[in-house]
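As structure tokens, the structure follows; a few thoughts come after it.
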Amino acid sequence: MLELVEVGRTYDDGHPVHALRHVSLRLEPGEYVTITGPSGAGKSTLLNVLGLLDVPSSGSYLINGMETGRLSEGMRGAVRGQLFGFVFQAFHLLAGRTAVENVEIGMLYGPHGRRRRRELALAMIEQVGLGHRAHADPRTLSGGEKQRVAIARAVAPRPQVLFCDEPTGNLDNENSAALLALLRELNGSGLTIVMVTHDPHVAQEGGRRLCVSDGTVSEQ
Ligand code: ADP
96 MLELVEVGRT
106 YDDGHPVHAL
116 RHVSLRLEPG
126 EYVTITGPSG
136 AGKSTLLNVL
146 GLLDVPSSGS
156 YLINGMETGR
166 LSEGMRGAVR
176 GQLFGFVFQA
186 FHLLAGRTAV
196 ENVEIGMLYG
206 PHGRRRRREL
216 ALAMIEQVGL
226 GHRAHADPRT
236 LSGGEKQRVA
246 IARAVAPRPQ
256 VLFCDEPTGN
266 LDNENSAALL
276 ALLRELNGSG
286 LTIVMVTHDP
296 HVAQEGGRRL
306 CVSDGTVSEQ
């Protein structure tokens, strides 16, 4: 479904940094892939390229057989919005909006009207175990609860792939375990998951484990 062919990504502000070098990789529907490696190895760059948040400097990236290199910025955004969901370490929830409103925001550009969005968002909030906090301001939620809202927001539009960058980075052990159980459940219902983590224990969650080292990717 997602295929990188000889992808390179070089940052060049004065002196070039080869964040990815000759990366070839195929991800299939339903996989749970974890990506580990030392700081600065290229993990986030890989995730950003796969998630269409960044563009390769060389090589090609195909999504369901479609070459993405020639897509306009707007088209990339549209494909990203349709196929992908994202969860980051820092939650990125809007304060001053309730949990359920934050989840609705994820569906703003989808096909559903306001009422349907609310129904779906409430169902999603239930599914992540936060039904009782649906109308709370995120500022009053714990870290684990915030990340559950972030996951609900990311998966409410029914993406094919959920990209997670250090989703447990701000959570204690207990909340990490609960979050990983939730991700496992979502993967069990068919969602493809690609997760960057520096934590070897968290990386064990992946049915497929990749290691990034100095811009190159190997299977573990
Ligand atoms: P990781 O996620 O494994 O810590 P990154 O993908 O963030 O690694 O970074 C890979 C390399 O690319 C690092 O050397 C980093 O400093 C560099 N890098 C990342 N983003 C940029 C950027 N926007 N501009 C310049 N260099 C960058």
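Numbering-wise (this note's numbering), the sequence shown opens with residue 96 and increments by one. Even for Gly, the Cβ is constructed at its ideal location relative to N, Cα and C.
- Under the rule that a run must span 4 or more residues, the alpha helix (DSSP H) segments found entirely inside the region 169-206 read 194-200.
- Burial state of residue 252 is buried, judged by a 10 Å Cβ sphere holding 16 or more other Cβ atoms.
- Annotation for residue 119: 99, 100 and 101 place their beta carbon closer than 7 Å to its own, counting only its chain and skipping 5 residues before and after.
- Between residue 105 and residue 112, the alpha-carbon positions lie close to 5 Å from each other.
- With respect to the C-alpha of residue 173, the residue from 142, 229, 146 and 237 having the closest C-alpha is 146.
- In terms of Cα proximity to residue 103, the closest of 309, 192 and 228 is 309.
- The distance from the Cβ of residue 193 to that of residue 231 is about 6 Å, consistent with a contact at the 8 Å cut-off.
- Look at the region 218-284 and you find these whole runs of alpha helix (DSSP H), each 4 residues long or longer: 238-250 and 268-283.
- Counting other Cβ atoms within 10 Å of its Cβ, residue 299 stays below 16 and is therefore classed as exposed.
- Going by beta carbons, residue 282 and residue 127 fall inside the 8 Å limit.
- By the neighbour-count definition (other C-beta atoms within 10 Å, threshold 16), residue 203 is an exposed residue.
- Boundaries of the alpha helix (DSSP H) around residue 144: 138-145.
- For residue 112, the enclosing beta strand (DSSP E) covers residues 110-122.
- Residue 140 holds the alpha-carbon nearest to the alpha-carbon of residue 311 among 140, 123 and 235.
- The Cβ-Cβ distance between residue 305 and residue 158 does not fall below 8 Å.
- Taken through DSSP and simplified to helix, strand or coil, residue 99 comes out as strand.
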